[in-house]
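Heads up: the protein sequence lines correspond to chains F and H, in order.
In case it helps, my numbering puts the first sequence at residues 3 to 420.
In case it helps, my numbering puts the second sequence at residues 3 to 420.
There are 2 protein chains.
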Amino acid sequence: MPKNAFYAQSGGVTAVINASACGVIETARRHPARIGTVFAGRNGILGALREELIDTGAESAEDIAALRWTPGGAFGSCRYKLAALADNAREYARLIDVFRAHDIGYFFYNGGGDSQDTAHKVSLLADRLGYPVVCVGIPKTVDNDLPCTDTCPGFGSVAKYVAVSVREAALDVASMCETSTRVFILEVMGRHAGWIAAAGALAQRGPDDPPHIILLPEVPFDEAAFLARTRAAVQTRGYCVIVASEGARRADGRFLADAGGKDAFGHVQLGGVAPVLAALVRDRLGYKFHWAVADYLQRSARHIASATDVEQAHAVGRHAVELALAGRGGVMAAIARVSDSPYCWDLAEAPLAEVANVERQLPPEFIRADGFGITAAARRYLAPLIAGEAPPPFEDGLPQYAALGNALVEKKLPAFEA
Amino acid sequence: MPKNAFYAQSGGVTAVINASACGVIETARRHPARIGTVFAGRNGILGALREELIDTGAESAEDIAALRWTPGGAFGSCRYKLAALADNAREYARLIDVFRAHDIGYFFYNGGGDSQDTAHKVSLLADRLGYPVVCVGIPKTVDNDLPCTDTCPGFGSVAKYVAVSVREAALDVASMCETSTRVFILEVMGRHAGWIAAAGALAQRGPDDPPHIILLPEVPFDEAAFLARTRAAVQTRGYCVIVASEGARRADGRFLADAGGKDAFGHVQLGGVAPVLAALVRDRLGYKFHWAVADYLQRSARHIASATDVEQAHAVGRHAVELALAGRGGVMAAIARVSDSPYCWDLAEAPLAEVANVERQLPPEFIRADGFGITAAARRYLAPLIAGEAPPPFEDGLPQYAALGNALVEKKLPAFEA
Numbered sequence: 003m004p005k006n007a008f009y010a011q012s013g014g015v016t017a018v019i020n021a022s023a024c025g026v027i028e029t030a031r032r033h034p035a036r037i038g039t040v041f042a043g044r045n046g047i048l049g050a051l052r053e054e055l056i057d058t059g060a061e062s063a064e065d066i067a068a069l070r071w072t073p074g075g076a077f078g079s080c081r082y083k084l085a086a087l088a089d090n091a092r093e094y095a096r097l098i099d100v101f102r103a104h105d106i107g108y109f110f111y112n113g114g115g116d117s118q119d120t121a122h123k124v125s126l127l128a129d130r131l132g133y134p135v136v137c138v139g140i141p142k143t144v145d146n147d148l149p150c151t152d153t154c155p156g157f158g159s160v161a162k163y164v165a166v167s168v169r170e171a172a173l174d175v176a177s178m179c180e181t182s183t184r185v186f187i188l189e190v191m192g193r194h195a196g197w198i199a200a201a202g203a204l205a206q207r208g209p210d211d212p213p214h215i216i217l218l219p220e221v222p223f224d225e226a227a228f229l230a231r232t233r234a235a236v237q238t239r240g241y242c243v244i245v246a247s248e249g250a251r252r253a254d255g256r257f258l259a260d261a262g263g264k265d266a267f268g269h270v271q272l273g274g275v276a277p278v279l280a281a282l283v284r285d286r287l288g289y290k291f292h293w294a295v296a297d298y299l300q301r302s303a304r305h306i307a308s309a310t311d312v313e314q315a316h317a318v319g320r321h322a323v324e325l326a327l328a329g330r331g332g333v334m335a336a337i338a339r340v341s342d343s344p345y346c347w348d349l350a351e352a353p354l355a356e357v358a359n360v361e362r363q364l365p366p367e368f369i370r371a372d373g374f375g376i377t378a379a380a381r382r383y384l385a386p387l388i389a390g391e392a393p394p395p396f397e398d399g400l401p402q403y404a405a406l407g408n409a410l411v412e413k414k415l416p417a418f419e420a
Numbered sequence: 003m004p005k006n007a008f009y010a011q012s013g014g015v016t017a018v019i020n021a022s023a024c025g026v027i028e029t030a031r032r033h034p035a036r037i038g039t040v041f042a043g044r045n046g047i048l049g050a051l052r053e054e055l056i057d058t059g060a061e062s063a064e065d066i067a068a069l070r071w072t073p074g075g076a077f078g079s080c081r082y083k084l085a086a087l088a089d090n091a092r093e094y095a096r097l098i099d100v101f102r103a104h105d106i107g108y109f110f111y112n113g114g115g116d117s118q119d120t121a122h123k124v125s126l127l128a129d130r131l132g133y134p135v136v137c138v139g140i141p142k143t144v145d146n147d148l149p150c151t152d153t154c155p156g157f158g159s160v161a162k163y164v165a166v167s168v169r170e171a172a173l174d175v176a177s178m179c180e181t182s183t184r185v186f187i188l189e190v191m192g193r194h195a196g197w198i199a200a201a202g203a204l205a206q207r208g209p210d211d212p213p214h215i216i217l218l219p220e221v222p223f224d225e226a227a228f229l230a231r232t233r234a235a236v237q238t239r240g241y242c243v244i245v246a247s248e249g250a251r252r253a254d255g256r257f258l259a260d261a262g263g264k265d266a267f268g269h270v271q272l273g274g275v276a277p278v279l280a281a282l283v284r285d286r287l288g289y290k291f292h293w294a295v296a297d298y299l300q301r302s303a304r305h306i307a308s309a310t311d312v313e314q315a316h317a318v319g320r321h322a323v324e325l326a327l328a329g330r331g332g333v334m335a336a337i338a339r340v341s342d343s344p345y346c347w348d349l350a351e352a353p354l355a356e357v358a359n360v361e362r363q364l365p366p367e368f369i370r371a372d373g374f375g376i377t378a379a380a381r382r383y384l385a386p387l388i389a390g391e392a393p394p395p396f397e398d399g400l401p402q403y404a405a406l407g408n409a410l411v412e413k414k415l416p417a418f419e420a
C-alpha cells in the first residue's frame, strides 16, 4: 500500500513557493504505487498539529499546474517555530500521531532555516519512535540565506523585481533631477543578509550607473561616508539612487530603522530605513528626495518573476519527492552551480543537520571595498539568478492566479492546542 | 521650406510619455516636406528657454522606436510653470525668440494641466507677436486628472501596476494572516484625485476580495468608520488590505500624511500616509501590520504597462502632429471613448482653453456610498484602461530601455537666465 505524503509551507511566502508545491504534487502523482495522497498543511505546520490537512488530491491537474505561476502560499503558511525537542516533546509527538493517523510516510517541509531544523528534528524523532517517515526539506527564502544550496528559490524573483524596479525608477529620477528629486531611496527586504539589496546593482549597465549606493546589513553604516557619496553622485550625475536593506545598521548594531523618533501618537516611529535616510539627506545635504518601501510587493511580484527561479523552485519540489522515493530522508533538496556563464546548475542534496539554523550572509569578497556596492564576483553569482521571464497568464489585464478549493480531510484524532 | 518642430516633456514623467514622444517623432519623420527637424527640449520647457535643443534627427529609427517601451522622460522633464503672461512677458518672448532662431513652426507640449495652460498662452502670444507657431498639447498625467479626454496616457499603466500589485500582495497576506500580518497598507500616488487608488479595486474578482478599503482624497477620512471596517475585514476574512491615496485627508482638509510627528532629528515627520495608518491600526486595533509605499516605482513600471495605455500614448503623439499639419493649433490631442465593453476609443481634440488648469476628480457616482470603494460605473470606466500587456524586450533578465545620444544643436542666441 502506498504511504501518503504531508507537505507544508513555512515562514514568509514568496513568488515561487507554490511552484515548489506544484513540483511536489505533480511528481507524487506520477508515482501512485508509492505515494497515495499528498496532504498539505493548512497554514503550514499548524495544519499538522491541528490535524487540518488539505486533500490536494481533490484539486484538478490544471489547478495544480497553475500553482507554478501563483504567488503567495496556496495552502497557507505560518510563522511558528517548534521549540527544541527536549522542551516540546508534546508537539513533536503530536506530529507523529497525526502522521500515523493519516498513514503519512513522507514529510516535505518547504521553508527557511528554521523549517529545515524542524524537518531535521522530526526525522530524528520518527526514527526514535520507530515510526518511519522520510523527511525531506525544500528550500525557500527570499533572503537567500540558506547554506548548502547555490541559491534559495524565491530569491531570484525578488532580485529581479529589485533590479528591474531600480532600473525603471532611476530613469524617472534622472529625467527630473534638474528641477525635482535629487535623491531616491528604495528600501528592500533583508534584515540580516544583504543579498536582496545587492541585487539592485544588477540594474547597472556601467560602473557609474544607478544605484549609486547600496546599504547592506553586513557593512556598518558610516554616516559621513554615506553623505559624501550621496553628494558626489548628485554633483557629478545630477542625482543619486540608493538601495537600502531594511537591515542596514550602525556600528553598534542598532538598525537604522530604529530611529527613535515619535509619530503623531507619541509612539516610537514605525521603522522603515528609507524615511530615516531621507531625513538625513534633507537635513545634512538639503536635497529634494523621494523614497519607496517595496515591502510585500517585492516578494509577491510573480508577474516579474525570474524564469530561472521558477524553474528551480519547481525542480526542488520534484527532487524532494525523488529523494524521498529513493529513501534519502534527512536531507534538503538543493541547487548546485556547475558554471556561472553559461549558468548551469544541477539538483543536489544537503544533510538537514548541516542546513538547520545556519544563516549565510554576503561573503566579504562580494562586497566592494568602500562597502557601498558589490564586486565583479558578486555580479557573476547574481546575474544568472534573474535570467528569463515567466509571466503568468493574463486576462482583462490582470494575472490569473490559482484559487484552490483547499478541502480539509476528516479529522481522526482529538483536538490539540498548539 | 518645412518648418522645424519643438517637443517638450513636462512635469512628472510616466511609463509611457516616451511613447508619445515616439508618436510625435515617427509621424513627423513621415512628413519631411512639411516638418524639418523635431527638436526636443532638454529638461522640458527649460530647454527652450535656455536654447538647449536636442536634435532628435540624430537618433536612429531603432532608438526612436525603442522610446515606445522606455519609461521616464528620454529628453528630461522639469517642474517649471511659466507665470501668467502679464507677469512674465520676458519668458514668453524668449520662447518666441528661440522658436524664431531655429525656424520652429510647431510646438508640442506633453504634460498635465499646467503644461496645457502654457501651450495655450504660447499659442495666444505667437498670434499676438505675429510669429506663426502651431501649438498642440499632448496629454500626460498618471493622476488622470485632465478634462476633455477619456483618460490621460500614463494613468492606465499606473492603474495596472496598482491592481496587479494589490492582487499579488493580497495573496501573500492571506497566506500568512493566521500567525503574522493582519493588515497591509499600500500607499499610492494621487494628491488631489483618487483615480490611482480607485484602480486598486480592479484587483477584486468578487465583492469580498481585497482590497477591503480604499482611501480617496475625495472622501474625508472617517477614523471610526475606517477602524470599524478594518476590524470587520480581519474578523470575517482574517486580514485586511488597504489602498491609500497619498492625498487621503481629514474633514478639515489636512492630509493624513501630515501626522505632525517628529523623527529622530526632531523634525516634522516626512509624510507617507501608510505609516500613519499603520500606527492607527496598531494603537487602536492591535493588529500586526505591514505597509508599502510604491512612490516612483508605480509610475516608472514600464515592465507591467497597460498595452492600451501604451497604444493611446503613442496615438496622441501621432495625432498631435496630424492636428498640427492640419493647421489645428490651440488644441490638445485627446482620447474619446466610444464604448465601454468592448472598449472602443477614437482620437479627438479639445481646445487648450478648456483643458488648462482644470482638475478632474473622481465623480461622486464612481464612489461607493460608504466611501471605501468604487461603484460598478467606476469599474466599467477603469477596467479597459489596464487591458493588455506590452512588455519591453528583455536581455539577461532585465528590460532593455533606450538611451539616446541627446546631442544639442548649436546655440544662436545670447544666454538667458530662466
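Every residue gets a Cβ at the ideal spot worked out from N, C-alpha and C, and that includes glycine.
Just so you know, these numbers come straight off a predicted model, no measurement behind them.
| query | result |
| --- | --- |
| Using 8 Å for Cβ pairs, my map puts S125/F next to G332/F. What's the rounded Cβ distance? | 5 Å |
| Along chain H, in chain order, which residues have C-beta atoms closer than 7 Å to that of K162/F? | G399 |
| Just how far apart, CA to CA, sit R339/H and C346/H? | 6 Å |
| From the beta carbon of M178/F, is the nearest beta carbon of chain H less than 8 Å away? | yes |
| Please report the residue range of the alpha helix (DSSP H) in which Q300/F lies. | Y298 to S302 |
| With a 10 Å radius around its C-beta and 16 neighbouring C-beta atoms as the bar for buried, classify V360/F as buried or exposed. | exposed |
| Specify, as a first and last residue, the run of the beta strand (DSSP E) that W197/F falls within. | Premise fails: W197/F lies in the alpha helix (DSSP H), W197 to A201, not in any beta strand (DSSP E). |
| Quick one: does H269/H have its CB under 8 Å from some CB of chain F? | Confidence is the limiting factor: at H269/H the pLDDT is only 44, short of 50, which leaves the residue's position unreliable, though a coordinate-based value still follows. Chain F, which has a Cβ nearer than 8 Å to the Cβ of H269/H, makes this yes. |
| Below 8 Å, how does it come out for the segment 310-326 of chain F and the segment 191-200 of chain H: are there three or more Cβ pairs, yes or no? | no |
| With DSSP as the reference, label H448/H as helix, strand or coil. | No answer is possible for residue 448/H: the residues shown for chain H start at 3 and end at 420. |
| Report the neighbours of H194/H on chain F: residues whose CB is nearer than 9 Å to its CB, in chain order. | Neighbours of H194/H on chain F: none; closest Cβ ~18 Å, over 9 Å. |
| Indicate whether the contact test is met: 3 or more Cβ pairs, each with one atom in the segment 401-416 of chain F and one in the segment 52-60 of chain F, closer than 8 Å. | yes |
| Determine, for S22/F, whether the minimum Cβ-Cβ distance to residues of chain H falls below 8 Å. | no |
| Using the three-state DSSP reduction, which class does V340/H fall into: helix, strand or coil? | strand |
| Grab me the residues of A60/H's own chain with a C-beta within less than 7 Å of its C-beta, minus the 5 sequence neighbours each way, in chain order. | G407 and A409 |
| Is there a Cβ from chain F that is less than 8 Å from the Cβ of P73/H? | yes |
| Classify M3/H: buried if its beta carbon has 16 or more other beta carbons within 10 angstroms, exposed otherwise. | exposed |
| Which runs of the beta strand (DSSP E) at least 3 residues long sit entirely within the segment 335-393 of chain F? Give them in chain order. | 346-353 |
| Note down the Cα distance separating L131/H from F109/H, rounded to an integer number of angstroms. | 15 Å |
| Considering only their Cβ atoms, is the gap separating L69/H from A30/H smaller than 8 Å? | no |
| Using beta carbons (cut-off 8 Å, strictly below), is R301/F in contact with chain H? | yes |
| If we count the other Cβ atoms within 10 Å of its Cβ and call it buried at 16 or more, is D119/H buried or exposed? | buried |
| Give me the Cα-Cα distance between E28/H and G288/F, rounded to the nearest whole angstrom. | 41 Å |
| So, does the segment 135-143 of chain F touch the segment 292-301 of chain F, judging by three or more C-beta pairs under 8 Å? | no |
| Please list, in chain order, all residues of the same chain as R81/H whose beta carbon is under 7 Å from its beta carbon, the five residues on each side excluded. | G13 |
| Using only the alpha-carbon positions, how far apart do D311/H and E170/F sit? | 17 Å |
| To the nearest whole angstrom, what separates the beta carbons of Q314/F and P155/F, a pair I think is in contact under 8 Å? | 5 Å |
| Thinking C-alpha only, which one of M178/F, F223/F, T151/F and A161/F is nearest G43/H? | M178/F |
| So, does the segment 205-222 of chain F touch the segment 233-243 of chain F, judging by three or more C-beta pairs under 8 Å? | yes |
| Report buried or exposed for D285/H, applying the criterion of at least 16 other Cβ atoms within 10 angstroms of its Cβ. | exposed |
| Which same chain residues end up closer than 8 Å to R251/F when comparing Cβ atoms and leaving out the 5 residues on each side of it in sequence? | P219, P222, F223, F257 and L258 |
| Which word fits P344/H, buried or exposed, when buried means at least 16 other C-beta atoms lie within 10 angstroms of its C-beta? | exposed |
| For I198/F, return the contacting residues in chain H, with the cut-off set at a CB-CB distance below 7 Å. | Ordered by position in chain H, no residue passes the 7 Å Cβ test against I198/F, which lies about 15 Å from the chain. |
| For I47/H and P149/H, I'd like the C-alpha separation in whole angstroms. | 22 Å |
| Given that I306/F touches chain H, what residues does it touch there, using C-beta distances under 8 Å? | H305 and I306 |
| For the alpha helix (DSSP H) holding F157/F, just list the boundary residues, first then last. | F157 to M178 |
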